[in-house]
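Below is one structure, written out as C-alpha cells; comments come after it.
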Amino acid sequence: MARTGGRDVLVQKVVIDAGGSSGWHHHPGMVIVAVQSGSVTVWDSDCSREQYGPGLPNGSVFVEHGDEPGLVTSTAGATLYATFVAPSSDPPVFRIEDNPQPCP
C-alpha cells in the first residue's frame, strides 16, 4: 500500500474460483479492475449486469465507485488485478461490506 496526496493506493491480485463471488460490497473511493484470465459478471443493486474478460465485447477492464452495492461473480473462475484508490484513513479502508441483494 502507498499513501500519496491524501489517498491510499493498493494493487491486489484477486482470484475468484469457479462459481464464486466477491460478496455484495462497495468502495469508499474507486477501484480499477483488469481481468487477466477468465470472465466475470458485474452486478449492480438493480440487478443489471455486464460481463468482462479478455476478448469479450465490453473488454477486460471495469471501474467500481460510489456507495451503490455491487457483486462480482464468475461461472468458470477468473484472475483479476484491482487497483484501489481511497481517501486516506487509519486504518486504510478499501472495501465496505453490504447486505445481500435479491439477485442473481
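For the sequence shown, my numbering begins at 3 and goes up steadily by one. Built from N, CA and C at the ideal position, the CB exists for glycine as well.
DSSP-derived helix/strand/coil call for residue i
i    : result
L58  : coil
V95  : coil
D100 : coil
A78  : coil
Cut-off 8 Å between Cβ atoms - residues of its own chain near residue i, not counting five sequence neighbours on either side
i   : result
W45 : R51, G72, L73, V74, T75, Q103, C105, P106
A20 : S76, T77, A78, G79
D92 : none
8 Å Cβ cutoff, residue i in contact with chain B
i   : result
V37 : The structure shown contains no chain B; it holds only a single protein chain.
Residues that DSSP places opposite residue i in a beta bridge
i   : result
A36 : V63, Y83
G72 : H27, D46
A20 : The partner list for A20 (beta bridge, DSSP) is empty, contrary to what the question assumes.
T6  : R9
Closer than 7 Å: residue i CB and nearest the ligand ZN heavy atom
i   : result
D92 : Questions concerning the ligand ZN fall outside what the structure shown contains, since it holds no ligand whatsoever.
Contact belief for residue i with residue j at Cβ below 8 Å, rounded distance in angstroms
i   : j   : result
Q14 : A84 : 5 Å
V16 : E66 : With a Cβ gap of about 12 Å, V16 and E66 do not count as contacting.
Own chain partners of residue i with C-beta closer than 7 Å, once the 5 adjacent residues on each side are dropped
i   : result
E70 : H28, D46, S47
V95 : P30, A88
S90 : R5, G8, R9, D10
Same chain, Cβ closer than 6 Å to residue i, five either side skipped, listed in chain order
i   : result
A4  : V11
L82 : V16, V35, V37
F86 : L12, V33, F96
Could you tell me whether the stretch 8–28 touches the stretch 55–62, using the rule of 3 or more Cβ pairs below 8 Å?
-> Taking 8 Å as the limit for Cβ pairs, the verdict is that the stretch 55–62 does not touch the stretch 8–28.
So does the stretch 88–101 actually touch the stretch 35–44, counting three or more Cβ pairs closer than 8 Å?
-> No contact exists between the stretch 88–101 and the stretch 35–44.
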